[in-house]
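In terms of our numbering, the sequence shown opens at residue 102 and continues consecutively. The C-beta atom is built at its ideal place from N, Cα and C for all residues, glycine as well.
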Amino acid sequence: MKKQVWIGLFAMFLGVSHLHAQETITDGEVLTLQRCIELGLKHNTEIKKARLDEDAAAYQRKEITGTGLPQVDAYGNYNNFLDVYPQAVPGGFLNPDSDPNGIDVISFGVPQSLKAGVQVSQLIFSQSYLVGLKASRTSEEFYRLLTQMTEEDIIYDVALNYYSVLSTQLQMDNLKANHDQLKRLESIIKSQYENDLARKVDYNRVKVNLTTLETEMDNMEIIIEQRTNYLKLVMGLPVQLQVGLAPYDFENKSLPLQALQLDDDISQRYDLQVLDKKQELNGLNIKNIKSGYYPTLSAFADVNYNAFSNEFDFISTGHEWYRGSLIGLKLSIPIFDGFQKRNRVAQARIESEKIGYDHYMAEQNAHAEFLNAQKKLRNSIRSLQAQESNLDLAEDVFKQTGQLYREGLSPLTDLLDSETSLRQARSSYFRQVIAVKTAEADLYKSQGQIEKILTN
C-alpha cells in the first residue's frame with residue numbers, strides 16, 4: 102500500500118509541477134530528466150495501451166454488474182398464414198354429425214395475427230454472479246498494477262536512455278575541449294615552424310592528431326543522434342522533433358552513498374504484486390467454477406397485446422387488441438455435469454501451482470537483482486573516486502608538460518602524449534559518472550523504487 106501511495110504522489114508531483122507548463126513539447130526544447138520522464142509517462146505507447154486495458158477492465162466490471170440488473174426486452178411478432186395450420190381432433194368432438202370413431206381435421210385460428218409485448222427478467226440469486234462481481238473488481242486492481250508496473254518500466258527506460266545520450270554528449274564535450282587545445286597548439290607549432298623554431302614533423306604530428314580527433318567527433322555526432330532518436334522513441338515522441346538535454350551539473354551532484362544502505366526489501370516490487378493478484382484471480386476462478394454447483398433463481402414477467410384478423414387491417418381505428426400477461430419464477434438446480442466442473446477445478450489448481458512457482462522464481466530473481474545492483478553501485482562509486490583522482494593527476498601532468506614544452510625542456514611527443522592521457526582520463530571519468538547513475542537506477546528498480554532517481 103505504501104508503494105502505491107508513493108507512486109501516486111510521484112505521479113501527482115509530476116502532474117502538478119507541470120500543470121501550468123506546456124501540454125506538448127516544443128521543437129528544440131532542452132529537456133531535463135524529470136521532463137523526459139513526464140513526457141514518457143504521457144506519450145509512450147505502452148503506457149497508453151496499459152491505461153486502455155485499465156479502462157476496458159472498468160467497463161467489464163460494469164458489464165458484469167449489469168447482468169444483475171433488470172433485463173427488459175420489447176418484442177413484436179407478425180404472422181400471415183397462407184394456409185392456416187390444420188389440427189386433428191376425435192370425430193364428433195366438435196361436429197356431432199361426424200363419425201365418432203373417425204378423426205376430424207379442422208383449422209384453428211385466423212390468417213393474420215399481430216403480437217407486441219415487453220419481457221422483464223430479474224436475477225434473484227446466482228453464486229456465480231456474486232463471485233464474478235468480486236473477480237471483476239480484482240481484475241481492475243490487476244490491470245491497475247500492470248499500469249503502475251509499466252510506468253515504472255518507462256521511468257527506468259527513459260532514465261537509462263537519458264543517461265546514454267548524456268554520456269555521449271559528455272564525450273563530445275571532452276573531444277571539443279581537446280580539439281580546442283590542439284588547435285591552439287597547432288597555431289603555436291605552426292608559428293614556430295615558420296620561424297625555424299620547430300620541425301615540420303612536429304607540426305605534422307599535431308595535424309594528424311587533429312584529423313583523428315575530428316573524425317572521432319564526427320562519429321560521436323552520429324552516435325548522439327542515434328541515441329537521442331531512441332530516447333525520443335522511448336518517450337513516445339516523433340523522431341523528427343529536435344530536442345536537447347540540459348547540461349549535467351557536476352558541481353551539485355553527490356554520490357548516492359545512502360542507496361548502499363538499503364535493505365534487501367522486495368515487497369514493493371510490482372512484478373511480485375502482479376503475481377499475487379494473478380493468484381487471487383485464479384482463486385476466484387476456482388470459486389466461480391464451484392459456484393456452478395449452486396442453484397440459480399430468477400423472476401420474469403411478460404405483458405403483451407394480440408390482434409387477429411382475416412385481412413391486414415391492424416392499423417384501422419377501432420381494431421380490438423387482446424391483452425395477455427404473466428409472472429413467474431425460474432429455478433435451475435444442477436445435478437450432474439459429467440464431472441466437468443471437477444476437472445475444471447483441477448486444472449485451475451494446477452495453474453495455481455504454476456503461479457506459485459513463478460512467484461518463487463520472481464522472488465529469487467528480485468533478491469539477485471538487488472544484490473547484484475548494490476555490488477555494481479558500490480564498485481561504480483569506488484571506480485568513480487579512482488577516476489576522479491586519475492583525472493586530477495592527468496590535468497596536472499598536462500599542465501606541467503605544457504610548461505616544460507614552452508620552456509624547451511620537454512619534446513612535443515610528451516606534450517601530445519599528456520594531451521591524449523588527459524582526454525582518456527576525462528572520457529573515463531565521464532563514463533564512470535554515468536555508470537554510477539545507471540547503477541543507482543538499477544538498485545532502485547530492483548526494490549521497486551525507481552522514482553527515487555529524481556530525488557537524488
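Query, Result
"Does Thr397 come out as helix, strand or coil in the three-state DSSP assignment?", "strand"
"With a cut-off of 8 angstroms on the beta carbons, I'd call Glu139 and Val344 a contact; round off their distance for me.", "About 13 angstroms; that fails the 8 angstroms criterion."
"Applying the criterion that 16 or more other CB atoms from any shown protein chain within 10 Å of the CB defines a buried residue, is Leu416 buried or exposed?", "For the sequence presented, residue 416 should be read as Ile rather than Leu. Ile416 comes out exposed."
"Hey, Arg306 and Leu544: beta-carbon distance below 9 angstroms or not?", "no"
"Can you give me the start and stop residues for the beta strand (DSSP E) that Arg424 sits inside?", "423 to 433"
"Taking the beta strand (DSSP E) that Ile138 falls in, what are its first and last residues?", "It is not in any beta strand (DSSP E) - Ile138 instead sits in the alpha helix (DSSP H) that spans 134 to 144."
"Where Gln123 and Asn262 are concerned, what is the direct C-alpha to C-alpha distance, given to the nearest angstrom?", "Unreliable placement is indicated for Gln123, whose pLDDT of 48 sits below 50; no coordinate value is reported for it."
"Alpha carbon to alpha carbon, how far is Ile207 from Trp422?", "25 angstroms"
"By the 10 Å Cβ neighbour count, where 16 or more other Cβ atoms means buried, how is Glu252 classified, buried or exposed?", "buried"
"What residues match up with Leu346 in a beta bridge as DSSP calls it?", "Leu132"
"In the DSSP assignment, what are the bridge partners of Val219?", "Ala175, Val404"
"Just to confirm, are Tyr176 and Gly210 a CB contact at a threshold of 9 angstroms?", "no"
"What are the start and end residues of each continuous alpha helix (DSSP H) run of 4 or more residues lying completely inside the region 361 to 396, in chain order?", "371 to 391"
"If you draw a straight line from the alpha carbon of Tyr394 to that of Thr248, how long is it in whole angstroms?", "36 angstroms"
"Can you confirm whether the region 501 to 511 touches the region 322 to 340 when touching is taken to mean that 3 or more C-beta pairs between the two stretches lie within less than 8 angstroms?", "no"
"On a Cα-Cα basis, can you pick out the residue from Asp156, Leu517, Gln448, Ser399 that is closest to Leu283?", "Leu517"
"By DSSP's criteria, Leu224 is part of a beta bridge. Which residues make up the other side?", "Ser399"
"Under DSSP, the alpha helix (DSSP H) around Asp459 begins and ends at which residues?", "441 to 507"
"Measure the CB-CB distance between Leu427 and Ala402 and report whether it falls below 9 angstroms.", "yes"
"Do you know whose CA, among Ile204, Ile390, Val498, Leu142, lies nearest Asp258's CA?", "Leu142"
"What would DSSP say about Val190, mapped onto helix, strand or coil?", "strand"
"Do you know whose CA, among Leu314, Gln533, Thr166, lies nearest Lys477's CA?", "Gln533"
"Apart from the five residues just before and just after Leu356, which ones in its own chain have a Cβ nearer than 6 angstroms to its Cβ?", "Ile482"
"Quick one: Cα of Glu464 to Cα of Gln374, how far?", "11 angstroms"
"Tell me which same chain residues have a C-beta within less than 6 angstroms of the C-beta of Val190, skipping the five on either side of it?", "Asp205"
"List the whole-angstrom C-beta distance separating Val340 from Asn145, where the pair is believed to meet the contact cut-off of C-beta under 8 angstroms.", "The Cβ separation is near 14 angstroms, so there is no contact."
"Could you check which residue in Arg300, Ser214, Leu134, Glu317 has the C-alpha nearest to that of Arg524?", "Glu317"
"Counting along the chain, where does the beta strand (DSSP E) carrying Asp205 start and finish?", "204 to 208"
"Let me confirm a value: Lys333 is counted as buried when at least 16 other C-beta atoms fall within 10 Å, else exposed. Which label applies?", "buried"
"Under 7 angstroms Cβ to Cβ from Tyr331, same chain only, skipping five residues before and after it: list those, please.", "Asn262"
"Within 10 Å of its beta-carbon, does Phe243 have 16 or more other beta-carbons around it, so buried, or fewer, so exposed?", "buried"
"For Val117 and Asp156, what's the separation of their Cα atoms in angstroms?", "Interpretation of Val117 is limited by its pLDDT of 37, a score under 50 that renders its predicted location unreliable; no figure is taken from the coordinates."
"Can the beta-carbon of Ala536 be found closer than 9 angstroms to that of Leu494?", "no"
"Would Thr166 pass as a contact of Leu224 if the rule is Cβ separation under 9 angstroms?", "no"
"Between the beta-carbon of Arg285 and the beta-carbon of Gly549, is there less than 9 angstroms?", "no"
"Pick out whichever of Val404, Glu452, Asn181 has its Cα sitting closest to the Cα of Gly429.", "Val404"
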